[in-house]
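Structure first, commentary second.
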Amino acid sequence: MNGHLLDPLVLTKDFEDSLHRYGASNERLEQLLQEEKEVLESATPEDVLAGLRPMVLQGMMVLSSYHRLDQDSWYTAVSVLDSYLAKAGELDVSKLPLTCVAVVRLVKKFHGNVADQFGSTSAQWLDGARQLAKAMQDQGHQMESLEFTEIMLSQHEIDILEVLQWQIDAPLLQQWLSTYCQRFNILTDHKHETAVSWVKTRAMYFARLLLFVEASSSRSPPREFALGLFCLGLVWSQLLPADCLRPEKVPSAYWVAGFQELSQRHRVQTMPPLFGASFYPLIQATTASSSCELQEATHRALVKILVLGAQHPALLMLAVA
1228 MNGHLLDPLV
1238 LTKDFEDSLH
1248 RYGASNERLE
1258 QLLQEEKEVL
1268 ESATPEDVLA
1278 GLRPMVLQGM
1288 MVLSSYHRLD
1298 QDSWYTAVSV
1308 LDSYLAKAGE
1318 LDVSKLPLTC
1328 VAVVRLVKKF
1338 HGNVADQFGS
1348 TSAQWLDGAR
1358 QLAKAMQDQG
1368 HQMESLEFTE
1378 IMLSQHEIDI
1388 LEVLQWQIDA
1398 PLLQQWLSTY
1408 CQRFNILTDH
1418 KHETAVSWVK
1428 TRAMYFARLL
1438 LFVEASSSRS
1448 PPREFALGLF
1458 CLGLVWSQLL
1468 PADCLRPEKV
1478 PSAYWVAGFQ
1488 ELSQRHRVQT
1498 MPPLFGASFY
1508 PLIQATTASS
1518 SCELQEATHR
1528 ALVKILVLGA
1538 QHPALLMLAV
1548 A
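Throughout the sequence shown, residue numbering follows the numbering used here, covering 1228 to 1548 in sequence.
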């Protein structure tokens, strides 16, 4: 991240005050960068869930929906689960249903609607654990018991919190993306809020999709993927021409074809060069990134999503935007 790219002519005193007020200041970017460094230093490249991942995540999606948590909360829950399992070091399959329910309930307590905190009964949570355990048993996994108690669930919540040092935070990728969107809105005087909202929605769709095949606790830098998704979204929303994000080493024909395929049968419409030229420095200021960083991040995100779609087409039916 290159702070020197933040043009003082762009970031006037009023802009800086607004960035601070909305929690999207340059200092916030530095804070996220430091948090990411600490997370990646302790991350593991292994996915503890491995082959269980699709079934477990689908079960957590059903559980989250039943307890009125949105898809961003589900994303947080999966990231918390990955983090906990990576730090715990060993997977107890028979305890996994209880772990999934405990994590979702913790996310609801930490991030859910306060007015709805008491809307779900203990019996409903325990029933969710039983259903997931039964589904795993039907798939051939050995389960010690299909019965769970509130005491077991509450104690397991405490165990999880202790392993995570009582931190139930939104995933760094989501925090990066939210900060980029907030900064862009402020620096454009909120003239493109509708488009930016769409950018975030589409980016989070692909982030959720990726969770089905890759643990969030892996060594993949969240900032880089968030940056790539943000730039891809700007192209799809027609705020930025695709070609200005193309690395020199990438053929133009491949670049256009990739965007067309990813746009799911909707042709990417190129902006007039003048429009792109005026917006590109603003994207650099928004993300505090160099031109090279923007291009490389966009390229990696494009390739990752194309490969994901080719190898796991069925996932498009699971992670609904």
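Just so it is clear, CB atoms sit at the ideal spot from N, CA and C, and this is done for glycine as well.
Keep in mind the model is a prediction, meaning the values are calculated, not measured.
Task: residue 1379 in three-state terms, based on DSSP - done: For the purposes of this step, residue 1379 is identified with residue 152 of the sequence shown, where counting begins at 1. In this structure, residue 1379 counts as helix in the three-state DSSP scheme.
Open item on the list: Suppose you measure from the CA of residue 1313 to the CA of residue 1382; what does that come to, to the nearest Å?
Closed with: The residue labelled residue 1313 in the question sits at position 86 within the sequence shown. The residue labelled residue 1382 in the question sits at position 155 within the sequence shown. So the alpha carbons of these two residues sit roughly 20 angstroms apart.
- [ ] Just mark residue 1532 as buried or exposed, buried being the case when its beta carbon has 16 or more other beta carbons within 10 Å.
- [x] Locating residue 1532 in the sequence shown gives position 305, counting from the first residue. Under this definition residue 1532 is a buried residue.
TODO: Identify every run of the alpha helix (DSSP H) within the segment 1245-1328, keeping only runs that are complete inside it and at least 4 residues long; order them along the chain.
DONE: Fully enclosed alpha helix (DSSP H) runs of 4 or longer: 1253-1268, 1280-1293, 1298-1315.
Open item on the list: Using 9 angstroms as the threshold, is the C-beta distance between residue 1332 and residue 1384 below it?
Closed with: Walking along the sequence shown from the start, residue 1332 turns up at place 105. Walking along the sequence shown from the start, residue 1384 turns up at place 157. The answer is yes: Cβ separation under 9 angstroms.
Task: DSSP state of residue 1452 mapped onto helix, strand, coil - done: For this step, residue 1452 is matched to residue 225 along the sequence shown. Of the three classes helix, strand and coil, the one that applies to residue 1452 here is helix, per DSSP.
Task: Which of helix, strand or coil DSSP assigns to residue 1349 - done: The sequence position of residue 1349 within the sequence shown is 122, counting from 1. Here residue 1349 sits in helix by DSSP.
TODO: Tell whether a beta-carbon distance below 9 angstroms holds between residue 1271 and residue 1398.
DONE: The residue you call residue 1271 lines up with position 44 of the sequence shown. The residue you call residue 1398 lines up with position 171 of the sequence shown. By the CB criterion at 9 angstroms, residue 1271 and residue 1398 fall outside the cutoff.
TODO: Measure from the alpha carbon of residue 1379 to the alpha carbon of each residue in 1284, 1356, 1369, 1391, then state which is nearest.
DONE: The residue given as residue 1379 occupies position 152 in the sequence shown. Residue 1356 holds the alpha-carbon nearest to the alpha-carbon of residue 1379 among 1284, 1356, 1369, 1391.
- [ ] Using 10 angstroms around the beta-carbon of residue 1519, count the other beta-carbons present and answer buried if the total reaches 16, otherwise exposed.
- [x] By one-based count along the sequence shown, residue 1519 stands at place 292. Under the 10 Å beta carbon count, residue 1519 is surrounded by fewer than 16 other beta carbons and is classified as exposed.
TODO: Output yes or no for whether 9 angstroms exceeds the beta carbon distance between residue 1315 and residue 1275.
DONE: On the sequence shown, residue 1315 is found 88 positions in, with the first residue counted as 1. On the sequence shown, residue 1275 is found 48 positions in, with the first residue counted as 1. Yes, Cβ-Cβ distance for residue 1315 and residue 1275 is below 9 angstroms.
Task: Length of the line joining the Cα atoms of residue 1493 and residue 1441 - done: On the sequence shown, residue 1493 is found 266 positions in, with the first residue counted as 1. On the sequence shown, residue 1441 is found 214 positions in, with the first residue counted as 1. The pLDDT assigned to residue 1493 is 42, lower than 50, so where the model puts this residue is not dependable; a value taken from the coordinates is nonetheless given after this. Rounded to the nearest whole angstrom, the C-alpha separation of residue 1493 and residue 1441 is 27 angstroms.
Open item on the list: Give me, in chain order, the residues of the same chain whose beta-carbon lies closer than 7 angstroms to that of residue 1523; leave out the 5 immediate sequence neighbours on both sides.
Closed with: Translated into positions along the sequence shown, residue 1523 becomes position 296. So the qualifying residues of the chain are 1474.
TODO: State yes or no: is the C-beta of residue 1403 within less than 9 angstroms of the C-beta of residue 1436?
DONE: Position 176 of the sequence shown, counted from the first residue, corresponds to residue 1403. Position 209 of the sequence shown, counted from the first residue, corresponds to residue 1436. Cβ distance not < 9 angstroms, so residue 1403 and residue 1436 don't count as in contact.
- [ ] Give the straight-line distance between the Cα atoms of residue 1289 and residue 1478, rounded to the nearest whole angstrom.
- [x] Your numbering for residue 1289 matches position 62 in the sequence shown. Your numbering for residue 1478 matches position 251 in the sequence shown. One alpha carbon belongs to residue 1289, the other to residue 1478, and they sit about 42 angstroms apart.
Open item on the list: Do residue 1459 and residue 1537 count as a contact pair if the criterion is CB distance below 9 angstroms?
Closed with: Working through the sequence shown from its first residue, we reach residue 1537 at position 310. Working through the sequence shown from its first residue, we reach residue 1459 at position 232. The answer is no: Cβ separation not under 9 angstroms.
- [ ] Could you spell out the range, first to last residue, of the alpha helix (DSSP H) harbouring residue 1409?
- [x] By one-based count along the sequence shown, residue 1409 stands at place 182. It spans 1399-1414 - the alpha helix (DSSP H) in which residue 1409 sits, taken as one unbroken run.
Open item on the list: I'd like the list of long-range same chain contacts for residue 1301, defined as Cβ closer than 6 angstroms, with 5 residues on each side in sequence excluded.
Closed with: Along the sequence shown, read from residue 1 onward, the residue named residue 1301 stands at position 74. The residues 1288, 1291, in chain order, have a CB closer than 6 angstroms to that of residue 1301 in the same chain once the five nearest residues on each side in sequence are set aside.
Open item on the list: Can you tell me where the alpha helix (DSSP H) holding residue 1482 begins and where it ends?
Closed with: Taking the first residue of the sequence shown as 1, we reach residue 1482 at position 255. Segment 1479-1489, the alpha helix (DSSP H) holding residue 1482.
Task: Residue burial classification, residue 1336 (beta-carbon count within 10 angstroms, cutoff 16) - done: As a working note, residue 1336 is residue 109 in the sequence shown. Residue 1336 is exposed by the Cβ-count criterion.
Open item on the list: Within 8 angstroms, do at least three Cβ pairs link the segment 1408-1418 to the segment 1248-1262?
Closed with: Yes, the segment 1248-1262 is in contact with the segment 1408-1418.
Task: residue 1485, buried or exposed, once every other Cβ within 10 Å from all chains shown has been counted against 16 - done: Here the question's residue 1485 lines up with position 258 in the sequence shown. Of the other Cβ atoms in all chains shown, 16 or more fall within 10 Å of the Cβ of residue 1485; this residue is therefore buried.
Open item on the list: Just verifying my parser: in three-state terms, what is the DSSP assignment at residue 1354?
Closed with: Counted from its first residue, the sequence shown places residue 1354 at position 127. In the displayed model, residue 1354 falls within a helix according to three-state DSSP.
Task: residue 1367 (DSSP reduced to helix, strand or coil) - done: Against the sequence shown, residue 1367 aligns to sequence position 140. Shown here, residue 1367 sits in coil according to DSSP, grouped into three states, outside any helix or strand.
Task: Through-space distance from residue 1490 to residue 1535, alpha-carbon basis - done: Position 308 of the sequence shown, counted from the first residue, corresponds to residue 1535. Position 263 of the sequence shown, counted from the first residue, corresponds to residue 1490. For residue 1535 and residue 1490, the distance between alpha carbons rounds to 14 angstroms.
Open item on the list: I'd like the list of long-range same chain contacts for residue 1325, defined as Cβ closer than 7 angstroms, with 5 residues on each side in sequence excluded.
Closed with: Mapped onto the sequence shown, residue 1325 falls at position 98. If we look at residue 1325 and ignore the five residues flanking it on each side, its Cβ neighbours are 1356, 1375, 1379, 1380, 1383.
Task: Whole-angstrom distance between residue 1438 and residue 1273, CA atom to CA atom - done: In the sequence shown, counting from the first residue as 1, residue 1273 sits at position 46. In the sequence shown, counting from the first residue as 1, residue 1438 sits at position 211. Here the alpha carbons of residue 1438 and residue 1273 stand approximately 14 angstroms from one another.
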